[in-house]
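With the working numbering applied, the sequence shown corresponds to residues 1477 to 1658, in that order. Input: a single structure, listed below in structure tokens.
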Amino acid sequence: MGMRLKRTLQTASVAVVAGLLALLVWKVVHQTKGAAAELAKGKSPAAPHFDLARLDADGKLSLASLRGKVVVLNFWASWCGPCKSEAPRLESAWERWRGNGVVVVGVDAQDASSDARKFMRRYGLTYPNVHDGPGNVLPKYGVTGFPETYFVSRKGKLVGQRVQGEISDDKLASGIRRALTS
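This is the structure we're talking about:
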């Protein structure tokens, strides 16, 4: 085989592999799963159930036990940089809105519970936090990274849009207001 033909075939092979890799990355990034897929379609699916060990107290916390309250559900991990930045914001929202029947719930995942408790102490978190060490709840919601925040109505339905990445004060307040009126 001539040297020119060999180089042409190698270049074509590399181009095909690069194209397939780009397609895979695009599909992973743009493929929404779990309850997030329903939210993306403008629907209000039931918030997927969980019953997880508490980090802030003894026992477990079930999402079903919060029916009748608006829930700000924040998925986080102690090693996540943006989670550190938004933790005080979530604590402030808890303090401001809990008198209106709003509960902020943190779901620590893919993390050691000891690291999560240190994080909670460091940032003075007083709202309920649960531990999902291996991340079993993440696919039910369609969580793709940390932090990620969802809003649950009093009826147990996800409302509005999930917030991927660090949540702003405005998005937090508007999500809570929307959940309160749903």
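Beta carbons: idealized from backbone N, C-alpha and C, even for Gly. The model shown is predicted, which means the values in this text are computed figures rather than measured ones.
In this structure, the straight-line span from the alpha carbon of residue 1641 to that of residue 1575 is close to 27 Å. DSSP places residue 1595 inside the alpha helix (DSSP H), whose first and last residues are 1589-1598.
In the structure shown, residue 1538 falls within a strand segment according to DSSP collapsed to helix, strand and coil. Assigned with DSSP and collapsed to three states, residue 1624 falls in strand. Of the candidates 1560, 1482 and 1523, the residue whose Cα lies closest to the Cα of residue 1540 is 1523.
Residue 1543 sits in coil when the DSSP states are folded into three classes, being neither helix nor strand. In the three-state reduction of the DSSP assignment, residue 1532 falls in the coil class, being assigned neither a helical nor a strand state. Separation of residue 1536 and residue 1603 (C-alpha to C-alpha, rounded to the nearest whole angstrom) is 14 Å. In the three-state reduction of the DSSP assignment, residue 1579 falls in the strand class, which pools E and B. Residue 1527 is bridged by DSSP to 1538.
Counted as a single uninterrupted DSSP element, the stretch harbouring residue 1636 is not any alpha helix (DSSP H) but the beta strand (DSSP E) occupying residues 1634-1640.
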